[in-house]
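A.B. asks:
Number of protein chains: 2
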Amino acid sequence: MEWKIVGIIAAICTTSGFIPQIIRGIRTKRLDDISPVMYMLLIVGLSCWLSYGIHIEDMIIIVANAAGLAFSIFIIILRFKYIRQR
Amino acid sequence: MEWKIVGIIAAICTTSGFIPQIIRGIRTKRLDDISPVMYMLLIVGLSCWLSYGIHIEDMIIIVANAAGLAFSIFIIILRFKYIRQR
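Below is the structure:
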């Protein structure tokens, strides 16, 4: 049971980590230093985790990776939006 | 068995994603737009995943998260190094 809590903390931290990045990007209107290749790889990887979560019917894996996937796509869209606006 | 492959692809993508970010940072000597809060959260989260992997003795989880942890710490050190050098 305590290991389930470790897993939940891990999932919350690694998923919510995208939120300060989004806030920073919106505030500064700059995401130039972020690697688009990193986020492309994350999108592929998180999609795999999500399908794996659906397969094993694990709600923590599904929710964490669906949110992480949405955040990653949003960050990459924001990055190109801000670059094009300059 | 095929789901194990999905897990391995997921682990490779989400972990190796840090590498293009490190390369970009070293090349441009700028990581200003990266959120340090994001990487702090990642460090906590990946540490939890790593201890969970050690607990369940899963080599994929151990290796992927140990590497991700090392990369995250390196990115955050690089960020502050480049900011201080200016």
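As you go down the protein sequences, you meet chains A and B in turn.
Just so you know, the first sequence maps onto residues 1 to 86 in our numbering.
Just so you know, the second sequence maps onto residues 101 to 186 in our numbering.
Think of the CB as a built atom: it goes at the ideal place given N, C-alpha and C, for glycine as much as any other residue.
1) Please name the residue in W149(B), H155(B), G168(B) whose C-alpha comes closest to that of I61(A).
2) Out of curiosity, what's the CA-to-CA distance linking V63(A) and K181(B)?
3) Rank R27(A), V37(A), K29(A), R30(A) by C-alpha distance to the C-alpha of S72(A) and give the top, closest one.
4) A10(A) touches chain B at which residues, Cβ-Cβ below 7 Å?
5) Specify, as a first and last residue, the run of the alpha helix (DSSP H) that R179(B) falls within.
6) Going along chain A in order, which residues have a C-beta closer than 9 Å to the C-beta of L169(B)?
7) Give a yes or no on whether the C-beta atoms belonging to L131(B) and S147(B) are separated by under 9 Å.
8) For the alpha helix (DSSP H) containing R130(B), name the first residue and the last one.
9) Could you check the C-alpha separation between V6(A) and A167(B) for me, to the nearest Å?
10) When you compare each of I8(A), F18(A), R86(A) to I75(A) by their alpha carbons, which one comes out closest?
11) Report the neighbours of R130(B) on chain A: residues whose CB is nearer than 9 Å to its CB, in chain order.
12) Within 10 Å of its beta-carbon, does I83(A) have 16 or more other beta-carbons around it, so buried, or fewer, so exposed?
13) Where does the unbroken alpha helix (DSSP H) through T107(B) begin, and where does it stop?
14) Find the nearest neighbour of K104(B) within the set R86(A), R79(A), I77(A), G53(A), judged by alpha-carbon distance.
15) Compute the Euclidean distance between the alpha carbons of I122(B) and H55(A), then round it to the nearest angstrom.
16) Would you report the Cα separation of M159(B) and R86(A), rounded to the nearest angstrom?
C.D. replies: Here's the rundown:
1) W149(B)
2) 35 Å
3) The residue with the shortest Cα to Cα distance from S72(A) is V37(A).
4) G145, C148, W149, Y152
5) 159-185
6) Ordered by position in chain A, no residue passes the 9 Å Cβ test against L169(B), which lies about 11 Å from the chain.
7) no
8) Here R130(B) belongs to no alpha helix (DSSP H), and DSSP marks it neither H nor E.
9) 19 Å
10) F18(A)
11) D32, D33
12) By the neighbour-count criterion, in which a residue is buried when 16 or more other Cβ atoms sit within 10 angstroms of its Cβ, I83(A) is exposed.
13) It is Gly, not Thr, that sits at residue 107(B) in the sequence shown. Where G107(B) is concerned, the enclosing alpha helix (DSSP H) stretches over 102-116.
14) G53(A)
15) Counting only the Cα atoms, H55(A) lies some 33 Å from I122(B).
16) 46 Å
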